[in-house]
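Notes follow the structure.
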Amino acid sequence: MGARVTKGTDPLLAGFFTLKDAARLLQIDNTNRIRAWLTGWNNSGSGPVIERDFEGRTVSFLDLMEIRFVDHFRRQKVPMPTIRRAAQQLRNDWKTKHPLAYSNSDKYLTDRRKIFAQAAESEGDKATWDLATNQYEMWVAIESIVAKNVAFNPATEIAQTWHPLGNEFPNVIVDPRLAFGQPVIGKRPTPTATLLRQWKAEGGNVERVAKWFRVEPKDVNEAVEFELSLAA
C-alpha cells in the first residue's frame, strides 16, 4: 500500500538530524524518550516503535515525521504498547518502513484507524479501542493535527516538507532537499540558525544581515524569532 523510497537516492531517507535536533524541532523535552522509541527500552525488553533508517546517532526526515506522530499520539494518552503493535502491523500490511509518515487521506486514515483498533483490542486498551471504533470525528481531528503544516508528495502521499511552528512562523520550512534538512527561510533558502548567529554577531542589525545574505529583512526577523522560540 505504501510507496517505496530508496535509501541513498532519496533525501527523505538521509540521516540529517541528531536526537538533539529532533527534540528541539519537535519541542520534546527528553532525548531519552526519543531514543527509546527508536531503539527500544532496555529495562523492559520492549522493542522500538519506529523502524529507523540508520543505526547511528542520526535520524532521517521520515524518521522525524514518525517521531512527531508517536509524540502526538502519546500526548493523547494512547499507550506505547498499542502504538508499537499498530506500527508493526502497518509496516507489514503496507510493506513500508514509515507508515506513520503518510498523509491523512481517506485510504491511509481509515486503514490506520482499523489497525489501531485491532492493536488496542489485542493489548486490552479499551480507551484507544473506543476512540478508533466509536469516535470517528475525534480520530479524524487527531490525525488532522498531526498532518497540519506537513506537505505530502501528491504521487506517494508521504511527508515531503514540514513547517515547524507553522502557525507562528509560516515561512520557516524543513525540506530535506535544502540545507541538509535544517530549517530555512527566504527565496534564497537560508538556515534560520545561520541568520540568528549573524544577527547576534551584527549586534541585532537586521538590515545588515539581510544585505549580507541577500534575503528580506522580514525573513531575518522571522528566523531570529523562530530560533529564539525553540530555545525558550
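In my numbering, the protein residues as written are 651 to 882. Ideal placement from N, C-alpha and C gives every residue a C-beta, glycine not left out. Quantities reported herein were computed from a predicted structural model and do not represent experimental measurements.
(1) Where does serine 879 sit, in a helix, a strand or coil, going by DSSP?
(2) Please name the residue or residues paired with threonine 844 in a DSSP beta bridge.
(3) Is it a yes or a no for the stretch 802-813 touching the stretch 780-791, going by three-plus beta-carbon pairs under 8 Å?
(4) Tell me the DSSP secondary structure of phenylalanine 766 in three-state form.
(5) Straight-line CA distance for alanine 770 to tryptophan 691?
(6) Using the C-alpha atoms, what's the distance from arginine 702 back to serine 710?
(7) Could you give the C-beta distance for isoleucine 765 and aspartate 780, rounded to a whole number, given that I count them as a contact under 8 Å?
(8) Which same chain residues, not among the five before or five after glutamate 872, have their C-beta less than 7 Å away from its C-beta?
(9) Should threonine 760 go down as buried or exposed, given a rule of 16 or more other Cβ atoms within 10 Å for buried?
(10) Go through the stretch 733-779 residue by residue and report every complete run of the beta strand (DSSP E) that reaches 3 residues or more, in order.
(11) Take glutamate 773 as the anchor and find which of Glu716, Ala751, Asn784 and Ala736 has the nearest alpha-carbon.
(12) Check whether the Cβ atoms of threonine 681 and arginine 707 lie closer than 8 Å to each other.
(13) Look at the Cβ atom of proline 814, then the Cβ atom of valine 824, and state whether they are nearer than 8 Å.
(14) Distance, Cα to Cα, valine 720 vs glutamate 877?
(15) What does the alpha-carbon distance come out to for the pair alanine 673 and isoleucine 684?
(16) Could you tell me which residues DSSP pairs with serine 710 in its beta bridges?
(17) Return helix, strand or coil for phenylalanine 667, following the three-state DSSP convention.
So, from the listed chains and residues:
(1) Indexing the sequence shown from 1 puts residue 879 at position 229. Of the three classes helix, strand and coil, the one that applies to serine 879 here is helix, per DSSP.
(2) Against the sequence shown, residue 844 aligns to sequence position 194. According to DSSP, threonine 844 bridges with nothing at all.
(3) No: the two stretches stay apart, fewer than three of their Cβ pairs being nearer than 8 Å.
(4) In the sequence shown, the residue the question calls residue 766 occupies position 116. Assignment of phenylalanine 766 by DSSP, reduced to helix, strand and coil, places it in the helix class.
(5) Mapped onto the sequence shown, residue 770 falls at position 120. Mapped onto the sequence shown, residue 691 falls at position 41. If you draw a straight line from the Cα of alanine 770 to the Cα of tryptophan 691, it is about 20 Å long.
(6) Here residue 710 refers to the residue found at position 60 when the sequence shown is read from its first residue. Here residue 702 refers to the residue found at position 52 when the sequence shown is read from its first residue. Just so you know, the alpha carbons of serine 710 and arginine 702 end up roughly 8 Å apart.
(7) Position 115 of the sequence shown holds residue 765. Position 130 of the sequence shown holds residue 780. Your pair isoleucine 765 and aspartate 780 does not check out as a contact, with CB atoms roughly 16 Å apart and the cut at 8 Å.
(8) Locating residue 872 in the sequence shown gives position 222, where the first residue counts as 1. Answer for glutamate 872: Phe819, Asn821, Val822 and Ile835, listed in chain order.
(9) Counted from its first residue, the sequence shown places residue 760 at position 110. Note on threonine 760: under 16 other CB atoms within 10 angstroms of its CB, so exposed under the neighbour-count rule.
(10) With a minimum length of 3 residues, there is no unbroken run of beta strand (DSSP E) contained wholly in the stretch 733-779.
(11) Residue 773 sits at position 123 when you count from the first residue of the sequence shown. In this structure, Ala736 is the residue among Glu716, Ala751, Asn784 and Ala736 with its C-alpha nearest to the C-alpha of glutamate 773.
(12) Taking the sequence shown and counting its residues from 1, the one referred to as residue 681 is at position 31. Taking the sequence shown and counting its residues from 1, the one referred to as residue 707 is at position 57. A distance of 8 Å or more separates the beta carbons of threonine 681 and arginine 707.
(13) Residue mapping note: residue 814 aligns to position 164 of the sequence shown, counting from 1. Residue mapping note: residue 824 aligns to position 174 of the sequence shown, counting from 1. Yes, the Cβ-Cβ distance between proline 814 and valine 824 is below 8 Å.
(14) Position 70 of the sequence shown holds residue 720. Position 227 of the sequence shown holds residue 877. Looking at the backbone, the Cα of valine 720 and that of glutamate 877 are separated by about 24 Å.
(15) Counting from one through the sequence shown, the residue named residue 673 turns up at place 23. Counting from one through the sequence shown, the residue named residue 684 turns up at place 34. Taking the straight line from one Cα to the other gives about 8 Å.
(16) Against the sequence shown, residue 710 aligns to sequence position 60. DSSP, once it has assigned bridges, lists no residue as partnering serine 710.
(17) Taking the first residue of the sequence shown as position 1, residue 667 is located at position 17. DSSP, read as helix, strand or coil, puts phenylalanine 667 in strand.
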